[in-house]
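Worksheet for the structure shown next.
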Amino acid sequence: QSLLSSWHDENPCNFTGVACNDFGAITHLNLSYLGLRGTLNSLNFSCLTSVVSFELANNSIYGSIPSSIGNLSKLNSLNLCFNELSGDIPPSIGMLESLHYLYLFANNLSGHIPKEIGRLDSLLELDFSINKFTGPIPASLGKLCNLTRLSISRNNISDSIPREISDLRNLEILYIWQNGLSGPIPSEIGRLTSLLELDLSKNNLIGSIPRSIRNLRNLQVLYIWQNGLSGPIPSEIGRLTSLLELVLSKNNLIGSIPRSIRNLRNLHVLYIWQNGLSGPIPSEIGRLTSLLEIDLSENNLIGSIPRSIGNLSSLSLLSLSQNNLTGPIPTSLGKLVNLTKLSISR
44 QSLLSSWHDE NPCNFTGVAC NDFGAITHLN LSYLGLRGTL NSLNFSCLTS VVSFELANNS
104 IYGSIPSSIG NLSKLNSLNL CFNELSGDIP PSIGMLESLH YLYLFANNLS GHIPKEIGRL
164 DSLLELDFSI NKFTGPIPAS LGKLCNLTRL SISRNNISDS IPREISDLRN LEILYIWQNG
224 LSGPIPSEIG RLTSLLELDL SKNNLIGSIP RSIRNLRNLQ VLYIWQNGLS GPIPSEIGRL
284 TSLLELVLSK NNLIGSIPRS IRNLRNLHVL YIWQNGLSGP IPSEIGRLTS LLEIDLSENN
344 LIGSIPRSIG NLSSLSLLSL SQNNLTGPIP TSLGKLVNLT KLSISR
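This is the structure we're talking about:
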């Protein structure tokens, strides 16, 4: 707080963490990791209208975000993460039309995410994770057509995933895990063809996995575990040939493991434990030679353990426990020289 208060000096351009342009106007404030404690009301935002970068992460800044932050009309990057900020995000945040990066994660912010966020059409990355936001995801987020990263995980967001989110055609990262989302995964999610990582885990989502997921050809990480999803795993999942990690555990999925899974040649992690899957383990699983971890435990799988699993020479974890598997343990498991955990108990 003492450092913030000291900015009444004649030449703040000499202060630690402050950079100015040739005309003496402050353009950059990099005050992260300085052990600062105080409120944002200590700053006179009306005197900082030339600031393009405001970094205040990892301090002990508390209180609310003042509405006067909307005066920073040239701001390109705002990073207030890992502080103790509370209260609502002021609607005036929508005035920061030059903003590319908005990081407010790991605070105690609450209330609804303001619809005015939809005005920030230059925004590339938005991270509101680890706060106490409530209410729905505003449909206006669909207007952020340049957005590449959207993370609002670990909040108390409710209602369904808005269909407007499918308008974010440049989105590469979508994290909405550990909230209170309900309803189905909208089929429109298949329009997000730039997606690399999708995490909707630990919500209350229901319905089936949409077949439109086949369009996400660039997807590398798909986490939708611990929801209430039902129905079979769609065979279209085999078209996601860029997948590295597939985690569908703790749902109500039924039916057999689709044989199309053989196409996921880059897969490292396959977790489908604690569902209602039935039928045999497809022998095609032995083609997934990049696999490091398989967990199919706590299902209703039948038949024998396929010998082809012995082809998975990089495998470190194999868990098939609590199924209805029968027959001998195949000798081919002896080829799994990198295996550190094996569980095949009833």
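Taking the numbering used here, I'd label the letters of the sequence shown as residues 44 to 389.
Even for Gly, the Cβ is constructed at its ideal location relative to N, Cα and C.
Here the C-alpha atom of Glu341 lies approximately 15 Å from the C-alpha atom of Leu360. When the Cα atoms are used, Gly154 and Leu139 turn out to be separated by approximately 20 Å. In this structure, the beta-carbon distance from Gly178 to Glu207 does not fall below 8 Å.
Distances from the CA of Leu99 to each of Leu368, Leu224, Leu145 and Ile173 were compared; the closest alpha carbon is that of Leu145. Taken in chain order, the complete beta strand (DSSP E) segments of 3 or more residues contained in the region 172-244 are 175-178, 192-194, 199-202, 216-218, 223-227 and 240-242. The count of Cβ pairs closer than 8 Å, one atom from the region 267-285 and one from the region 305-323, reaches three, so the stretches are in contact. By the beta-carbon neighbour count (other beta carbons within 10 angstroms, threshold 16), Tyr314 is buried.
Separation of Leu320 and Leu217 (C-alpha to C-alpha, rounded to the nearest whole angstrom) is 27 Å.
It is roughly 27 Å from the alpha-carbon of Asn295 to the alpha-carbon of Leu193. A check of alpha carbon separations from Asn151 across Arg162, Arg302, Ile132 and Asn261 identifies Ile132 as the nearest. Straight through space, the alpha carbons of Ile219 and Ser225 are spaced by roughly 12 Å. Between Asn119 and Leu142, the CB-CB gap stays under 8 Å.
When DSSP states are grouped into helix, strand and coil, Lys384 belongs to the strand group.
Excluding five sequence positions before and after Pro325, the CB atoms of its chain that fall closer than 6 Å to its own CB belong to Ile300 and Arg302, given in chain order. Every beta strand (DSSP E) stretch that sits fully inside the region 261-311 and reaches 3 residues is listed by chain position as 264-266, 271-275, 288-290 and 295-298. Judged by DSSP in its simplified three-state form, Ser96 adopts strand.
Here Arg254 carries a helix assignment [DSSP, helix/strand/coil]. Only residues of its own chain outside the window of five on either side were considered, and among them Asn151, Leu152, Ser153, Asn198 and Asn199 have a CB closer than 7 Å to the CB of Lys175, listed in chain order. Counting of Cβ neighbours within 10 angstroms places Asn57 among the exposed residues, the total staying below 16. For Pro134, the three-state secondary structure derived from DSSP is helix.
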